[in-house]
Structures are given as structure tokens and as C-alpha cells.
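Number of protein chains: 4
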Amino acid sequence: MTVDALQRFLVDSFPDAPPTAVVEELADWGVRVRQPITAENSRPGGTISGPSLMALADLTAWSAVLAEIGPVALSVTTSLHIDFLRRPDLVDVLAEGRLLKLGRRLAVISVSMCSEGSDAVLAQAQVTYSIPPAR
Amino acid sequence: MTVDALQRFLVDSFPDAPPTAVVEELADWGVRVRQPITAENSRPGGTISGPSLMALADLTAWSAVLAEIGPVALSVTTSLHIDFLRRPDLVDVLAEGRLLKLGRRLAVISVSMCSEGSDAVLAQAQVTYSIPPAR
Amino acid sequence: MTVDALQRFLVDSFPDAPPTAVVEELADWGVRVRQPITAENSRPGGTISGPSLMALADLTAWSAVLAEIGPVALSVTTSLHIDFLRRPDLVDVLAEGRLLKLGRRLAVISVSMCSEGSDAVLAQAQVTYSIPPAR
Amino acid sequence: MTVDALQRFLVDSFPDAPPTAVVEELADWGVRVRQPITAENSRPGGTISGPSLMALADLTAWSAVLAEIGPVALSVTTSLHIDFLRRPDLVDVLAEGRLLKLGRRLAVISVSMCSEGSDAVLAQAQVTYSIPPAR
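Residue numbers (my numbering), protein chains in the order written: chain A, 5 to 139; chain B, 5 to 139; chain C, 5 to 139; chain D, 5 to 139.
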């Protein structure tokens, strides 16, 4: 898939609540997704809410799988583990998703999130997706 | 804290995006939180989005901690692990949070989520919170 | 399976390093496994090593699956998450494994561990097993 | 710490069951630990047991922390998440541990494990350690 096709598929897949995240790059190593930060993602004290980062991790992992297997909406998350490492400022977050494994039945993806302009990892996730049998 | 005080604290803590979840019960065993399901929480195919369940797990765990230590907004999630077990229908979700540990520095909470009217667990999470030092 | 058949299967499955854990009960709610504590499981300071508890969580989860699907040695762990909650004394550990889900492809098991004679949970795990296709 | 000092500390810390793993490298990026594979680590079918890989992940994470903070035996694992990705052959496993965060109270470490001579990740873990207050 191309970046444009993937982005269109993500938006079309959630007609009632389209994600505000944007796919920026598809490459051999995986995918990079940008989460613009608005009041909706923020928490008092000027930081980003945990659920915003979890949603970003999930979307990035899904994108990494779709980039490989094509637009199969039925892939479902079976588990997600996330460690929150640093308190993020209200700056766009860049998430990089890498396929650790793409099996016939399961895909496992590592997702690292940084604030734009920083190399310090804010949060790191390991996400497992179940791949639909008929593909 | 009472159910009302906890609910008010949750809403006040997120002025820009107040949670739609509602604390229903505080008891010795823990807390129960209801997530009303709307188009915002749904995914095509008539199911609930993963991020909605993750946000509910986080909020329920936070509530379970606050119910014990009082309204300390600074508690922060340090990690969250969730297993998605069954495809939920578009029905309100009831989440039960139980403190597995409340230490001086860390709290660990188990969260089980079921559709209203069902005993089958949809998703189960283990969440760790860091407790602020000065309390 | 009966307790005896399950125990025999566990021992036969690891001829080179038979587990020292013992299945104590199979019931509707799940399985209970006892881990006798010896010098091998201990750490300086008079506590039990983390890997001993992880091995017990894995074995207990496996037993909970086998108790339902029968002696299928090919079930493999795909992920394990464990929170260590309290510093255990050098006392036998009782682990209870409960099936959260038994699907065609995946089983998810919750495992709680307590020291014998105590109700305080030492460690709690969520374990995922892949079920072999042909059964 | 040097490789030798760290290795000596690991062995001295477990007098009753010294680890068979060997620290091979300490570097800016983290630590590399080798786990020799013997009958003790094996499972029928010619593969390595899950608990062996979990113990290696834990030891590698601990080594990555000690390499930074010095020989503080009291650091304890608070949680470990591991995804098992590929069925390993009976070949030495090399584990690389990288500090994702070293805070005053918590350290989070990512551990990747490969068979010697291969780049395919067998298992990947995220491990959290509690750092003792007085150091």
C-alpha cells in the first residue's frame, strides 16, 4: 500500500470517529504516524492523556500490519502492553511501528513514541493483532 | 470518597474532554464504572473500538486508586496491559477495578470489563499507577 | 483430565527438567498448582526469585488450558504479562489459573499466586497460549 | 561497572542457583548477555523452554540497570511483559537489553533475544524495575 491508500483506508474504516492521526511514512523498517495534539488529547498540567497515546499505539500497530497484508479491516487487536516513560509536552507525537512478527495467525508490533523534535521515547508498546484466516 | 465526589473529581480533572464514563459503585472490593456506548466509541461492524476499552480500563484503574488515596490528580499511569477477549456488541460496558496492591510508590489494579447484562469478560487489564511521593 | 493424568502429562512433557510444581486441584473455576520452595527457587534475603514465579505462572496457565482441551503438548505460550506485587517469603506458593477465554486459536488465562496460608496476592499474570489448529 | 565486575556480581547474588548466563558486552546502547543452551533449558521437540527465555529477559534487564546504577542488589522486578515470536532451535541465545528509562524510582528496559547467528527476534520483553530509594 502507499501512504495515501493507507491513510484513506484508516479514515474510511472509522466513519463515525475518523482518527486525527496521519500516516507519514511507509518504509522497509515499518511505518511512522503523526498524532497532532489538540485540547482533546490534553490533560491539565499541559500534558497528553494516556488514552491518546494508547489509541496512537493501536493505530500505528494496525497501520504496520495493513501496510504488509493490505486493507483487511478485520484484523483485530488481541493484546496491547504499553509503558509510559516520560511526561509528554503538548507537542505532536511521532509513533514508529515495526513488525516483530507477521505470522499466518498473529502479528506482533513494537511501537515507539517520541515528541516531535526529540529522541527521548515517551512511551513504548508491544501490540498483538489477530490476522483473519481467509486472506 | 463517595461516588459523587469521585465522579465530580473525574469530570473536573479533564475540563477539555470530560470522560463520558460514570462511576456507579465504590465498595470494599473496588469500583464499578459504566461506559455508555455512542457512535464515538463504535467501529464498523457494530462493535466497540479498542481505544474506548483501553480508556475505560485506565479511568477505572485511576478511580480505584483515588477511591483509596483521595483526590490526588498527580497519580500517573506507568503501564497498562490489556487482553481483548471477545468482540463486544454496542451495549454499555461495565468495568470493575480491584486494587491488587497499593504501595507507597506503586498501585496495581486489575480491571475486568463486561457488556451490561453479561458475565462474559470482554477485556481484562492490569494497570500500574505511580503514586506521588508527597501525600 | 483428572489431576493425576494432568500431573503425569506435565512430568512426561519435560523429561530433561521435570517441573517440581504439583497440580492440586482441577475444578470448574480452573486449576490450582503448588510450587514447593527450595534453595533453587530462592534469592538472597530469603525471598523467591522472579523467574520461579514466572515459570509457575506459565505452567499453571498451560495446565488450565490442558485441563480443558486435553493433553496437547503443542500449545505454546505467545505472551506473558506479570506484575510482582509483594516480596514473598520462602513458603510454598499456590497458583490459581482461570481461563478468561478459550477460543479456537487463542486461550487467555489469568494466574494469581499467593503464599500458602495467605490471601495476599504475590504476583498476578495474564498469559496467552496459541492452540494448535488440528485438534 | 566492567563486564567482569557485573558478571561477578550476578554470580555472587545467586549463591544457591548461580545463573548460567554470561555478560558479553556493556556499551552505550546497553548490555548483551549470552545464555548457553543445555538440556535444562530445552523442551521436547528440540526447542527452548519459555521460562528459560523469561529468566534471561529478567537477568538481562537487571544487568542493564546495574550497569548504570552500580551493584545494588535490591533492585526488584515489578513487571515483565514478553512476546514469544519464533520457535527457537537449541542454539545459544543472545539477549540485548536497552534502558528505555532510568528514573529515580523506576527503570524500564527493552530486551530483544535472538539465536546466535540469526537476526530474527525470538522473543521481545519490556521489563520494569523498582530502584531502591537510598542510593
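We treat Cβ as the ideally placed atom computed from N, Cα and C, and that holds for glycine. Since we're looking at a predicted model, the values are computed, not measured.
Take residue i and list the residues in its own chain whose beta-carbon comes closer than 7 Å to its own, dropping the five residues that flank it on each side.
{"i": "histidine 85 of chain A", "result": "Ala129 and Gln130"}
{"i": "leucine 10 of chain A", "result": "Val27, Leu30, Ser67, Leu70 and Ala71"}
{"i": "aspartate 62 of chain C", "result": "Thr81, Leu84 and Val131"}
Can you list, in chain order, the residues of its chain with a C-beta nearer than 6 Å to that of residue i? Leave out the 5 residues immediately preceding and following it.
{"i": "leucine 78 of chain C", "result": "Pro136"}
{"i": "phenylalanine 75 of chain A", "result": "Rather than phenylalanine, the amino acid found at residue 75 of chain A in this sequence is proline. If we look at proline 75 of chain A and ignore the five residues flanking it on each side, its Cβ neighbours are Phe13."}
{"i": "valine 95 of chain C", "result": "Ser119 and Glu120"}
{"i": "valine 112 of chain D", "result": "Leu104, Lys105 and Thr132"}
{"i": "arginine 38 of chain D", "result": "Val26, Glu28, Asp96 and Leu98"}
Any idea what DSSP makes of residue i, helix, strand or coil?
{"i": "threonine 6 of chain C", "result": "coil"}
{"i": "glutamate 72 of chain B", "result": "helix"}
{"i": "phenylalanine 18 of chain A", "result": "coil"}
{"i": "serine 67 of chain C", "result": "helix"}
{"i": "arginine 109 of chain C", "result": "coil"}
{"i": "glutamate 120 of chain C", "result": "coil"}
{"i": "alanine 59 of chain D", "result": "helix"}
{"i": "glycine 49 of chain A", "result": "coil"}
{"i": "arginine 12 of chain A", "result": "helix"}
{"i": "alanine 129 of chain C", "result": "strand"}
{"i": "alanine 43 of chain B", "result": "helix"}
{"i": "proline 136 of chain B", "result": "coil"}
Taking Cβ positions only, does residue i come closer than 8 Å to chain B?
{"i": "serine 83 of chain A", "result": "yes"}
{"i": "arginine 91 of chain C", "result": "no"}
{"i": "aspartate 87 of chain A", "result": "yes"}
{"i": "methionine 58 of chain A", "result": "yes"}
Using a Cβ-Cβ distance under 8 Å, would residue i count as near chain A?
{"i": "aspartate 123 of chain B", "result": "no"}
{"i": "threonine 132 of chain C", "result": "yes"}
{"i": "serine 17 of chain B", "result": "yes"}
{"i": "glycine 54 of chain B", "result": "yes"}
{"i": "glutamine 39 of chain D", "result": "no"}
Are any of the Cβ atoms in chain D nearer than 8 Å to that of residue i?
{"i": "valine 112 of chain A", "result": "yes"}
{"i": "leucine 104 of chain A", "result": "yes"}
{"i": "glutamate 44 of chain C", "result": "yes"}
{"i": "arginine 109 of chain B", "result": "yes"}
{"i": "serine 79 of chain C", "result": "no"}
{"i": "serine 119 of chain A", "result": "no"}
Flag this pair as yes or no: are the beta carbons of residue i and residue j separated by less than 8 Å?
{"i": "serine 46 of chain D", "j": "aspartate 20 of chain C", "result": "yes"}
{"i": "tyrosine 133 of chain C", "j": "leucine 110 of chain C", "result": "yes"}
{"i": "serine 83 of chain B", "j": "serine 53 of chain D", "result": "no"}
{"i": "serine 17 of chain C", "j": "proline 40 of chain D", "result": "no"}
{"i": "arginine 102 of chain B", "j": "glycine 34 of chain B", "result": "yes"}
{"i": "methionine 117 of chain D", "j": "leucine 60 of chain D", "result": "yes"}
{"i": "alanine 65 of chain A", "j": "valine 115 of chain A", "result": "yes"}
Would a check of beta-carbon distances place residue i closer than 8 Å to chain C?
{"i": "phenylalanine 13 of chain D", "result": "no"}
{"i": "aspartate 62 of chain B", "result": "no"}
{"i": "arginine 47 of chain D", "result": "yes"}
{"i": "aspartate 32 of chain B", "result": "no"}
{"i": "aspartate 20 of chain D", "result": "yes"}
So, for residue i: in the same chain, excluding its five sequence neighbours on each side, which residues have a beta-carbon less than 8 Å away from its beta-carbon?
{"i": "serine 23 of chain A", "result": "Serine is not the amino acid found at residue 23 of chain A; the sequence shown has proline there. If we look at proline 23 of chain A and ignore the five residues flanking it on each side, its Cβ neighbours are Leu14, Val15, Ala59 and Leu63."}
{"i": "valine 7 of chain C", "result": "Val27, Glu28, Glu29 and Leu30"}
{"i": "glycine 50 of chain C", "result": "Asp93 and Leu94"}
* Asked: Quick one: any contact between the segment 117-129 of chain D and the segment 82-96 of chain D, if contact means 3 or more CB pairs under 8 Å?
  -> yes
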